Ligand SMILES: NC(=O)c1ccc[n+]([C@@H]2O[C@H](COP(=O)([O-])OP(=O)(O)OC[C@H]3O[C@@H](n4cnc5c(N)ncnc54)[C@H](OP(=O)(O)O)[C@@H]3O)[C@@H](O)[C@H]2O)c1
């Protein structure tokens, strides 16, 4: 990743898996953002140790923020802190990465499982994007003569999944009959479309990205992709997104996935 993706970015769920690798590759890049806000539920817990070590190594760039993505109080608290640190420049990029995969055949799925998946995978990204909309607008307005959209200017990336695709579902349902996960990620896709239309007037790009099947706690050890490969690919895609990608679902190699 040679050129700078953006000046400022918030990555949610960044203490492990895909989120942690996003923060690592952004910070280690030859031209890192000025500010990386690494959202994490429990910054002082053992599961955040690797992130804290990374933040110590890049202390001028990474700020670890306590962020429970489906808690309005937590989101408001973080946005106040970030606004103060951003010095009136606004926030260029949000990567709504935090997510849960609730295993669930129909027999295993009840109200609790559905609500938990919906709360983290859909309500969280909605609340976060809504709260940070003014800061995204502020960042977009720093490019007054530019009509193009990009992550460098102002954007929201929702980390979705191939399993969200209604078109592809008949071909892969039997391998992963995960009702809460599939349904919540399909709703995240609709949120992506709604936000893309809503924010077009503000110059803010909104799209959904599938990371591939990745070796994380969620993806399991049999997954074909390492986090390094997935995030290297996604950052290449993120760097070249334009207006025509707003409201689309792409994979980690930039290939379009049908809704
Ligand atoms: N791995 C794959 O193969 C794959 C494939 C397609 C899509 N995805 C998507 O990629 C994203 C990241 O997945 P991953 O594989 O890295 O999963 P992971 O290893 O299970 O990590 C999930 C991350 O989300 C955080 N999180 C969950 N609920 C949260 C909440 N309410 N508030 C704040 N943080 C929360 C977790 O924090 P805690 O440590 O506090 O729990 C953790 O940091 C997810 O959206 C997932 O759906 C993954």
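Residue numbers (our numbering): 8 to 266. Beta carbons are placed, not taken as given, at the ideal position from N, Cα and C, and that holds for glycine. Model, not experiment: these values are computed from the prediction.
query: Run of the alpha helix (DSSP H) containing residue 105, from where it starts to where it stops; result: Per DSSP, residue 105 belongs to no alpha helix (DSSP H) and is neither H nor E.
query: Residue 240 - DSSP class collapsed to helix/strand/coil; result: helix
query: Candidates 26, 177, 76, 82, of which the one nearest residue 57 by Cα; result: 26
query: Contact under 7 Å by Cβ, residue 245 with residue 143; result: no
query: Proximity below 7 Å, CB of residue 129 to CB of residue 195; result: yes
query: 7 Å CB neighbourhood of residue 231 in its chain, flanking five on each side removed; result: 220
query: Residue 146 Cβ short of 6 Å to ligand 1 heavy atom set; result: no
query: Residue 264 CB to nearest heavy atom of ligand 1 below 6 Å; result: no
query: Continuous beta strand (DSSP E) stretch holding residue 30: start and end; result: Element bounds for residue 30: not the beta strand (DSSP E) but the alpha helix (DSSP H), 24–35.
query: Bounding residues of the beta strand (DSSP E) (the contiguous stretch that carries residue 228); result: Run containing residue 228: none; DSSP gives neither H nor E here.
query: Beta-carbon separation (whole angstroms), residue 21 vs residue 99, contact threshold 8 Å; result: Wrong, their Cβ atoms sit about 16 Å apart, outside the cutoff.
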